[in-house]
Amino acid sequence: MSQNTDRKFLNYPIAHEGPSVPYKNETQSIPVFRGLPLAIGATLIHNVGLIQSYFWRDAGFGVVREIKHLSHYTPRYDPTVIPVPTDSKVQDLPAPVEKRKDENGYYTSVDYHSRYLSGDLTPTAVVETLLPLIRRDTRPAGKHSIAFLESHAEIVYAAAEASTQRYKDGKPLGPLDGVPVVVKDEVHVRGYKRNLGSKLDFTEGIDGTSWCVQKWEEAGAIVIGKTTMHELGLGKLMIPMAHTNYYCGGSSGGSGYAVASGLVPIALGADGGGSIRIPSSFCGIWGLKPSHGRISGAPTLSIAESVGVFGPMAASIDDLALAYRLMAAPAPSDQDTTSSSFPNPLSTLPSSTQQRPKTIGIIRDWINRAEPSVRAVFDSALAHYQKQGYKMIDITIPYLPEGQRAHILTIMSLIASGVNPNQISKLSAPNKVMVSMGMWQIQAQDFLSSQRLRNLLMTHLAHLFKQHPGLLIFTPTTPIPGWKIETETELSRGLSDGKSSVRNMEYVWLANFTGCPAISCPAGLTKDGDKVPVGVMAMGEWGTEEDLIAFARDGVGLLDEDGRKGVQSSGLKIPNGRESFWEDVIASAEAGESK
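If you read the sequence shown in this note's numbering, its first letter stands for residue 36, the second for the next number, and so on.
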């Protein structure tokens, strides 16, 4: 057990300042493959070791084993750091307060709950409105079915009718009762398959629901379907954003789409390398990557288990907090011993009188890598937080570019270990490349060096958190302003663009590799061109999810209607020109009930 200021932890890293090394990052020269060249190239890379070796060297993965300081660090394979539970009493779940303010705003769970209580609307009417929009098994398929893999009408209707009856009886389960939600196809849900966005079956004979989804369902939430994800979680493109020529981001792109289009106020995502935060940034919503091990997916393991976590995505910060506090309830120890060791989030809620440090850490060489349109939004957000009383300090973290490669090496190893050689032929062309490289090119020395570097980074972060209590490391969520779809071929045959993928993950990977929590917040739209959403991100010390939620609330005021940022302090606003893809679910459901 270690101690940092007045907080106690299990597995806390030794606080030790890392080596002083200059930041040096070079954009990689990895070729881009689309269409037929991609299919041919994937087959060659999968089958010819010499070609694999060439691309491996070209991607610069060998740099990790060459770091001279690693001999002073033991490997760390698990980044879980657990705050020791105190004797604090478990509090009641705080009621969400945020509501839709006008006809251009996004609905929140409060809008659904208040209408159910008044009798103006029923959960049954809501799912009757939603199902035709999202189902794939109808002809024609639903308008938004691209974001969904499965939606079982009989299961959805049964949950809605039970919720409707509870409201009639005056016995709703709480603020989430009857609220529609979606979950990524990475968790188990009773009655649904688990394919991880692939043609393979990962259901593993389990006919149950993962703990994190159970907690939502026990609160009365209605899972209306499983959302599309990038195959095996590998990739950051995913589905196209409705009526735009940009991707939603991945791999939780289907969940991001469902929230951004107004179909649901809350979604479940999974994040092994930014897969919650990147689509949240691209779609202009909030996304929380919790501390490693805090959210139990039992009996599901993350497909990238030593870096991956489950977490919420939402159209309002209050809904993000509500969803997190429910799903983060510790699982029983016979189901998940790691999650059971964490304190109940309702026992750690700050009181209204508590003062928390407000310190933002900036790594200037790192944020200077962001493209100008992203940097402009980030600078505006930074100025806003300084006006809110946050102190800005300069910090350094050694080996950030090398650490990103170590993170990718780790993911590739984990994914490859879960797929056998016979299954690779059933994968898409881009992932044949990724899994083949992970299966046959990563050597034990590469993996061990990566875990030594993980330890180096974690001990350095512990040093920073001890030196600056309450420190939040502030960056853009991603250095690029969305990812544009260049050709229709990408949508039908895939895209392999390692250079852009690595660049897209430049800020998000650190929280995954070291197990720290991080939050992505919508901060505005780019000022020129297509005016796409831009997110900013804060990463905190292990176990500081509530500090990140408070940080996100402090940032809502920077979002205003002026300049067509698309968001204002009352909540998310439908960006100008995007009204055609946004669904006014409550208005449609109310109209249906009045017939």
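We put the beta carbon where it would ideally sit given N, CA and C, even for glycine.
Query, Result
"Reference Glu252, options Leu208, Ser485, Phe237, closest by Cα", "Leu208"
"Identity of the residue in His495, Ser326, Leu499 nearest Asp582 by Cα", "Ser326"
"Identified DSSP bridge partners for Ser555", "Gly322, Met572"
"Neighbour-count burial assignment, Gly564, 16 or more Cβ in a 10 Å radius", "exposed"
"Runs of alpha helix (DSSP H) wholly within the segment 379 to 411 (minimum 4 residues, chain order)", "399 to 402"
"Which of helix, strand or coil DSSP assigns to Tyr281", "strand"
"Gln603, DSSP secondary structure in three states", "Unreliable positioning characterises Gln603 in this predicted model, as indicated by a pLDDT of 40, which lies under 50. The coordinate reading is nonetheless provided below. Note: Gln603 maps to strand in three-state DSSP."
"Reference Glu406, options Ile75, Gly268, Lys422, Gly570, closest by Cα", "Gly570"
"Beta-carbon separation (whole angstroms), Leu444 vs Val56, contact threshold 8 Å", "Contact doesn't hold; Cβ gap of about 19 Å is too wide."
"Beta carbon of Pro167 nearer than 7 Å to that of Ser198", "no"
"Nearest neighbour of Asn466, chosen from Gly505, Leu231, Glu628, Ser331 [CA to CA]", "Leu231"
"Glu525 (DSSP reduced to helix, strand or coil)", "helix"
"Beta-ladder partner(s) of Ala356, from DSSP", "In the DSSP output, where bridge partners are listed per residue, Ala356 has none listed."
"Inter-stretch contact at 8 Å, needing at least 3 Cβ pairs: the segment 449 to 469 / the segment 117 to 136", "no"
"Sheet register partners of Val216 (DSSP bridge)", "Val258, Ile301"
"7 Å CB neighbourhood of Lys293 in its chain, flanking five on each side removed", "According to the sequence provided, residue 293 is Ala. The question's Lys does not apply to it. Cβ within range, chain order: Ala182, Val217, Thr262, Val299, Ala302."
"Endpoints, the alpha helix (DSSP H) within which Met264 is located", "It is not in any alpha helix (DSSP H) - Met264 carries neither H nor E in the DSSP assignment."
"CB contact flag (Lys219, Gly304, <7 Å)", "yes"
"Secondary structure of Arg42, DSSP reduced to three states", "strand"
"Inside the segment 133 to 195 only - beta strand (DSSP E) runs reaching at least 3 residues", "183 to 185"
"Cα-Cα separation between Ser460 and Ile257, rounded to whole angstroms", "36 Å"
"Terminal residues of the alpha helix (DSSP H) in which Asp582 lies", "580 to 590"
"Given Glu266 as reference, the closest of Leu462, Val67, Ile477 once Cα atoms are compared", "Leu462"
"Between the CA atoms of Gln423 and Ser382 - distance to the nearest angstrom", "27 Å"
"The segment 572 to 586 in contact with the segment 548 to 563 per 3-pair CB rule at 8 Å", "yes"
"Contact set for Asp371: own chain, Cβ-Cβ below 7 Å, skip 5 residues either direction", "Trp246, Ser331, Ala333"
"Environment of Val342 [buried if 16+ CB atoms lie within 10 Å]", "buried"
"Where the beta strand (DSSP E) through Pro347 begins and ends", "344 to 349"
"Among Asn490, Ile313, Arg360, Phe500, the one whose alpha carbon lies nearest that of Ile515", "Ile313"
"Among Pro557, Gly559, Gly517, Asn547, nearest to Asn539 - alpha-carbon criterion", "Gly517"
"Reduced DSSP secondary structure (H/G/I, E/B, other) of Gly598", "Note on Gly598: pLDDT 41, under 50, position unreliable in the model; the coordinate value appears next. In the structure shown, Gly598 sits in a helix (DSSP, three-state: H, G or I)."
"Simplified DSSP state of Ile508, which is helix, strand or coil", "strand"
"CB-CB length for Gly533 against Cys556, believed under 8 Å", "Rounded, the Cβ-Cβ distance is 28 Å, inconsistent with contact."
"C-alpha gap between Tyr202 and Glu618, whole angstroms", "25 Å"
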